[in-house]
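Numbering (the numbering used here), first residue to last: 19 to 1124. In what follows, a single structure is set out as structure tokens and then discussed.
Dropping the structure here:
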């Protein structure tokens, strides 16, 4: 006789919805292994093969509906070069592939019937060929990857069909079939991909994987009317299913129903069962016995109205998922698998309790679950004592299946040696693990079986384990509050033969230094039967300060015959660890522990906002809520210059850190500042660490004279600008250039960047604190090479929401020592190239800038040639129908100009709105004087924003460039005009010497010395200017191929707008241009008709004085 301790239990699908309703014996719904296949759910390792080298689209699988054609595909033929597939005990070189999501292995020729290998609609109908071999043999031996009503027709990008590829080298090749299909009818949508991978080694292993886009199917509802639902079947079909069970017509002979199907179940519908191997079915009246319907079909087809399907766990209605994550399946032919199924000890004793010194023999029974015959399989037993299940105290071995044993055969083994003294003299609980050692075992999870026996003395009690307190570790991370009793719960074992009564037990508490800080005693009350555990709640212990503690437990039976097991844990261990702590213990974190701002010892600019970011932590065991937090900043004199308070909603326990932001701090003055952060909670008993302080510096703003060059305060122009713009200006700043040559260019060569970006706000920069760039005294030539990937040299203006400060001057002195040479460094054939050549660009809102006494010219080559091809004045356009103004982006212009002022509305090009809520500014009070500008399309160009509609109040407001001075410049060899103005007001163009304007374009009109333009005659270009003074200019040598050739030309277009409130707005004011043109000299203009030294053309009313 033997004691069977462990048996193999298989999970079954249970529920009335899966039970047959006709007479007969129902086979079990789960029988694993099934036909030697072991089904598993595995992670979804889908990687498409489509588009990769070596992938083929299987012929006749594109442009098809499922079931319309089953293509006979020889996987071993060239160029596919696969291997014969092992499936259900046979090898197949030719398979039948269908876009409906399955592969057939019966090698039958398709005869045109819709059933084919199972048709395009998934079912488990009886189709075994004995009733009509010419029809139904096609259903024998089928792999369902995702069998449903699918089609490749209409699937594109990539093309629909079934794809094939072989990876690896023999004998470890992997064959992949990938379906690229979509739903055909229910629903006709959801294109997606899924795969079947078939392995050469181990022979016949199959894996099913599913792409990210699920091909969802229609799940039936409980609507009693006409309801259709077609799910998908996943698994294997073998020879159909013998399901008929009625008495009329004649029932076919029953044939092992459980061997016909392996249906894999979607865990989102049936989480605890991987597969079923029987689909229980029954008859209804008027249903052919060849087609018994599943119980999942609600009624027979004879009903009216028809109700075809109800939802069933047999079907997948989406790609398989578990806990919201996609999974795959593995089907492994189980050829080699040995498992222990029972374990017992001889001689037998009640509860397996033996007297010390006994001889004990280990016995086990093993089963051959694999298909292959097994013989002489080594087995072993590992024997452990008490709770140490890592280090065995003994081993035993044996051999199972000493004769050839077929599948499901069993073998009983007596392992040797027998366990004897002195090992069996030691009392304790002995755990025995019996293991099969088949080296090719395919399922190692069932290789081990565990049992226990006891070695006892007459009188022996033992401390077994501590149940409470808990150790401070995952997953609980438990700590005990100070001032509250810590529960001490202990499990003890009477390991002896005799009953005991009122046994004394106790514990000691040690701190982490080994000092005893507490103890407690009690008894195990009443009669304590042998071989039984008792859980005892000991007197609690109350900690008074936080710390890491240890509890050691003991028994003290007076006649205990084995004192070695009385105490846990044994020396040198102090005991079982646990932690005690404050309920709430807040701490303001010092600088350096977590990200913070301002950073300790860091230097910051004066006058610029500094983010304030502090951190607090709570090492207690309870969350702190609604925690007041205060930040105070003092300057070097100790004066409070910043104080803010807020409430932190929660600072979680367990040393969690909470980051808290405060409003920015804006320093006002240089020096050291110190920040103090304080957090408080009334339940926090430790307040010493609730505050922390760190200091940072604010650097003084620049003022005075600084030199730029080799060995000077700043090495480069870029370095000087970065420093001054970062730390601000505290007084007038002069930056003297000492080198003969400088090169300025961005580090990343980004085609959207200028050579020198001087846009945005500089702290302190203004009328009283200007910045002047000039050559050091005694220099005769200083060249600034502006190498720009965008074509813009120095760019002033608004940057995001930072408005320009102005008051920056470049002054070459009376000898015009400064020379600016612009090079557009992006090649014309490179993506991002801009047709721009503008050394000085005064963009949105650029005001109070000066360019004086400098020589400005393009580099030779492509930059120079732009003067003849890049001279389009980009004037805002107006759409009256939608009351909208359109501006060309700064970098989308096509322009060559020595200096350009160009303003536009603050519109985000991506959104078409002022999404950043930037200010709308004017360009004004700029001075361009005393310069020599040569070889640009235009010497100076100024284009204002013009009238804009103010959303909300509804008026139209003019945003002209105004109060600018363009005086005393020499402008040589321009491509279209010397000076061009659009939307300009109250500006002066005087004392300029414009020599040579040659417009060689056959499409771009006019060549003019000074042009005030409206943008041509197009109705949506409405340029005008007013109150312009043009005097004492010399203009000579003007020519053009087409249009007007003249000295001064002015086109004025009166703008009239009617607001939504029906108010009329006219620009210029009262329609008067008020141009003053006097004392100008113009000669040698030629090459086109008409030839006009002075030309005025107006739309609306213009007033001239000359």
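Idealized CB from N, CA, C, for every residue including glycine.
Exposure of residue i, with buried meaning 16 or more beta-carbon neighbours within 10 Å
i	result
residue 51	buried
residue 197	buried
residue 252	buried
residue 109	exposed
residue 250	buried
residue 591	exposed
residue 813	buried
residue 849	exposed
residue 1104	exposed
residue 882	buried
residue 620	exposed
residue 678	buried
For residue i, three-class secondary structure by DSSP
i	result
residue 352	coil
residue 475	coil
residue 910	helix
residue 834	coil
residue 462	helix
residue 442	helix
residue 81	coil
residue 122	strand
residue 1104	strand
residue 369	helix
residue 885	helix
residue 1088	helix
Check whether residue i and residue j have beta carbons under 7 Å apart
i	j	result
residue 740	residue 792	no
residue 845	residue 876	no
residue 159	residue 84	no
residue 918	residue 859	yes
residue 190	residue 210	no
residue 907	residue 927	yes
residue 1015	residue 1056	yes
residue 355	residue 461	yes
residue 835	residue 869	no
residue 503	residue 560	yes
residue 718	residue 726	no
Among the options, the one whose alpha carbon lies nearest that of residue i
i	options	result
residue 333	164, 352, 486, 201	164
residue 490	597, 102, 369	597
residue 1091	896, 1058, 1000, 1063	1000
residue 487	448, 562, 595, 1016	595
residue 498	746, 567, 628	567
residue 534	525, 542, 541	525
residue 573	523, 1046, 586	523
residue 680	840, 665, 692	665
residue 630	69, 1046, 925, 649	649
residue 721	699, 751, 700, 715	751
residue 404	763, 454, 474, 365	474
residue 745	506, 626, 1042, 1033	626
residue 294	429, 58, 520	58
residue 528	589, 580, 868	589
residue 1067	1078, 1033, 1082	1033
Beta-ladder partner(s) of residue i, from DSSP
i	result
residue 399	414, 452
residue 1028	997, 1066
residue 572	524, 585
residue 470	449
residue 840	804, 876
residue 965	976
residue 201	168
residue 623	717
residue 58	348
Any chain C beta carbon closer than 7 Å to residue i
i	result
residue 164	Structure shown: chain C not included; a single protein chain is present.
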